[in-house]
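Q: These protein sequence lines map, in sequence, to chains A and B.
Heads up: the first sequence begins at 1 in my numbering, then just goes up one per residue.
Heads up: the second sequence begins at 115 in my numbering, then just goes up one per residue.
C-beta atoms are modelled at their ideal positions from N, C-alpha and C, and glycine is treated no differently.
Predicted, not measured: the structure shown is a model, and the values here were computed from it.
Next up is a structure, given as structure tokens.
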Amino acid sequence: KAGVTQTPRYLIKTRGQQVTLSCSPISGHRSVSWYQQTPGQGLQFLFEYFSETQRNKGNFPGRFSGRQFSNSRSEMNVSTLELGDSALYLCASSLGTGNTGELFFGEGSRLTVL
Amino acid sequence: QQQVKQSPQSLIVQKGGISIINCAYENTAFDYFPWYQQFPGKGPALLIAIRPDVSEKKEGRFTISFNKSAKQFSLHIMDSQPGDSATYFCAARPPDRQGGKLIFGQGTELSVKP
Chain A
1 KAGVTQTPRY LIKTRGQQVT LSCSPISGHR SVSWYQQTPG QGLQFLFEYF SETQRNKGNF
61 PGRFSGRQFS NSRSEMNVST LELGDSALYL CASSLGTGNT GELFFGEGSR LTVL
Chain B
115 QQQVKQSPQS LIVQKGGISI INCAYENTAF DYFPWYQQFP GKGPALLIAI RPDVSEKKEG
175 RFTISFNKSA KQFSLHIMDS QPGDSATYFC AARPPDRQGG KLIFGQGTEL SVKP
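Now the structure itself:
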């Protein structure tokens, strides 16, 4: 069974630009969650999508947005990039129902904002 | 109330020794407490998890001890090996049982010396 796939793995942007990151969850998983990982703040929850609907949202500004498609693939977008947005963005998939609780993470997309 | 505090920030252990990482939380409504292991360049992977109605869970060399009254839980790695060198994160899940939202601790960088 293929794992969680994130693209691109690395990207460099400049301030003010926007970026779109993609995540393909494990086959059969309907929930996709996004996390930001930085050395200073650690792992912080951005949002979760389940069956194309945002189910949970973290405390990030509106510049951070996401969506989920009918095949469960998800994208997140960051507009008007700031230097502080430099981070590893991790996608995690799960079944989304029941009570197993396990999240399966991808290897992340490392964003550098110059 | 949504924080999870993890200590120590870094830990050096000799091969064969016991590694102990501690976490504390405030929100008594958290209903699931996983530990994740992350190697450089990889996403976090679930190591072991516990629910608050259990005081201890053991899987191989890894044990979670859970103290509900003290609102603390810890990870013990017995017979630590160089291959265990990684960053470890504790986490807690808010009481949305189907959600992908986890509150993570700041992480502990473990180094096991041969």
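#1: For residue 147 of chain B, count neighbouring C-beta atoms within 10 Å of its own C-beta (all shown protein chains included) and say buried if the count is 16 or more, exposed if not.
#2: Looking at residue 43 of chain A and residue 37 of chain A, is the spacing between their C-beta atoms short of 7 Å?
#3: Give the residues of chain B in contact with residue 43 of chain A, contact being defined as C-beta atoms less than 7 Å apart.
#4: For the segment 143-163 of chain B, enumerate the residues whose C-beta is nearer than 9 Å to any C-beta of chain A, in chain order.
#5: Using 7 Å as the limit for Cβ to Cβ distance, is residue 174 of chain B near chain A?
#6: Can you pull the chain B neighbours of residue 82 of chain A, defined as C-beta to C-beta under 8 Å?
#7: Since residue 106 of chain A meets chain B, which of its residues come closer than 9 Å, beta carbon to beta carbon?
#8: Determine which residues share a DSSP beta bridge with residue 77 of chain A and list them.
#9: In three-state terms, what does DSSP make of residue 46 of chain A?
A: Short version:
#1: Along the second sequence, read from residue 1 onward, the residue named residue 147 of chain B stands at position 33. Under this definition residue 147 of chain B is a buried residue.
#2: Translated into the one-based positions of the first sequence, residue 37 of chain A becomes position 37. Translated into the one-based positions of the first sequence, residue 43 of chain A becomes position 43. It is a contact, given that the beta carbons lie within the stated cut-off.
#3: Here residue 43 of chain A corresponds to residue number 43 of the first sequence, with the count starting at 1. For residue 43 of chain A, the C-beta contacts it makes with chain B under 7 Å involve 203 and 218, in order along the chain.
#4: Listed by position along the chain: 145, 146, 148, 150, 152, 155, 156, 157, 158, 159, 160 and 163.
#5: Residue mapping note: residue 174 of chain B aligns to position 60 of the second sequence, counting from 1. Chain A contact via Cβ: absent.
#6: Position 82 of the first sequence, counted from the first residue, corresponds to residue 82 of chain A. Those within 8 Å of residue 82 of chain A in chain B number zero; the least Cβ separation is about 22 Å.
#7: Residue 106 of chain A sits at position 106 when you count from the first residue of the first sequence. Here the neighbours are 157.
#8: For this step, residue 77 of chain A is matched to residue 77 along the first sequence. According to DSSP, which records beta bridges pairwise, residue 77 of chain A is partnered with A:20 and A:65.
#9: Position 46 of the first sequence, counted from the first residue, corresponds to residue 46 of chain A. Annotated three-state conformation of residue 46 of chain A is strand, per DSSP.
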